[in-house]
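Undergrad: Numbering-wise (the numbering used here), the sequence shown opens with residue -9 and increments by one.
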Amino acid sequence: MQTVICMKWGTRYGPEFVNRMWAAVKRNTARPTRLVCLTDDETGIDPDVQCFPIPDINLPPNLINTPWRKLVLWKSPLADLSGDVLFLDLDLVITGSLDVMFHFEPGRYCVIENWTQMGQGNGNTSAFRFPVGKHADIFDNFQADPDRVLSSYRIEQLYISREVSDMVFWPDLWCASFKHTLLPPWPMNFFKAPGLPEETRIVAFTGKPDQDEAMRGEWPVKAGWKKLYKHVRPTPWIAEHW
């Protein structure tokens, strides 16, 4: 049994994001696969998704709803999980088979090479596979002294990248960034819709636009001058896969 896990807290992403992910996981796996969701509210989530409470973590109140909360995934024990588990953020679209992501470099922490820091040894935790319990010190050390970690690292994925010695990056284009990989460069983004490489399995929509906004060709921006370059054409393939 393959296990995909996600997390949902607060109100930005409703239960429909979890349900869409579950439908996409089923479409893109040939082997038996389940979806586990760590959440503070399982209302509206498909009953076939296995929900567990988010474990407690020693975080300041202003950081509890930030990606730092994902450090609970390194806790041991963690729900009923064991072996290699694939974590996926809710702000992504699954566009290809996930099965191969369970066979790649078994027993190691596999993560996206951060698109904006290529060659610097930094992972992006939008999609990563990890061996449950193998690196529990990541969680334990943070719990013991969060101020030390928070003063040393700006974001959790940098902390993990420095703590895991056997980190390996996914092959190129398996995990693409909508903004940094697929969006045509300015000014072509005003005339050409983002494409989708055949080998891409996951497209991450970090920041803005969200999946539904990019699908419609909308990019919400607060500063008027940013409209001069923050633009996306309607992207039909999102509706096909999301």
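Think of the CB as a built atom: it goes at the ideal place given N, C-alpha and C, for glycine as much as any other residue.
Below 6 Å CB to CB, which residues in the same chain sit around E103 once its five sequence neighbours on both sides are set aside?
TA: F159
Undergrad: Could you give the uninterrupted runs of the beta strand (DSSP E) lying entirely in the segment 28 to 71, keeping only those of 3 residues or more?
TA: 40 to 43
Undergrad: Might you give, ordered along the chain, the residues of its own chain that have their beta carbon closer than 7 Å to the beta carbon of V39, omitting 5 neighbours on each side?
TA: V8, W12, L25, C27
Undergrad: How would you write the range of the alpha helix (DSSP H) that P5 sits in, first residue to last?
TA: 5 to 17
Undergrad: Taking its Cβ as the centre, do 16 or more other Cβ atoms sit within 10 Å of A166, making it buried, or is it exposed?
TA: buried
Undergrad: Return helix, strand or coil for A20, following the three-state DSSP convention.
TA: coil
Undergrad: Apart from the five residues just before and just after D81, which ones in its own chain have a Cβ nearer than 6 Å to its Cβ?
TA: Once the five neighbours on either side are set aside, the close Cβ partners of D81 are F195.
Undergrad: Determine, using beta carbons only, whether R206 and P187 come nearer to each other than 8 Å.
TA: no
Undergrad: Does the segment 143 to 163 come into contact with the segment 198 to 218, if we say contact requires no fewer than three beta-carbon pairs (one atom in each stretch) closer than 8 Å?
TA: no
Undergrad: When DSSP labels each residue in this structure, what does V103 get in the three-state scheme?
TA: In the sequence as displayed, the identity of residue 103 is Glu instead of Val. Correct three-state label for E103: strand.
Undergrad: Evaluate contact between the segment 70 to 89 and the segment 144 to 152, counting only Cβ atoms and requiring at least three cross-stretch pairs below 8 Å.
TA: no
Undergrad: At what residues does the beta strand (DSSP E) containing K150 begin and finish?
TA: Per the sequence shown, residue 150 should be read as Ile rather than Lys. Note, I150: premise wrong, no beta strand (DSSP E); alpha helix (DSSP H) at 146 to 153.
Undergrad: Could you name each continuous alpha helix (DSSP H) segment of 4 residues or more that falls completely within the segment 109 to 195, going from the start of the chain to the end?
TA: 127 to 134, 136 to 142, 146 to 153
Undergrad: Which same chain residues end up closer than 8 Å to A20 when comparing Cβ atoms and leaving out the 5 residues on each side of it in sequence?
TA: S87, D89
Undergrad: Measuring CB to CB, does L172 end up less than 8 Å from N179?
TA: no
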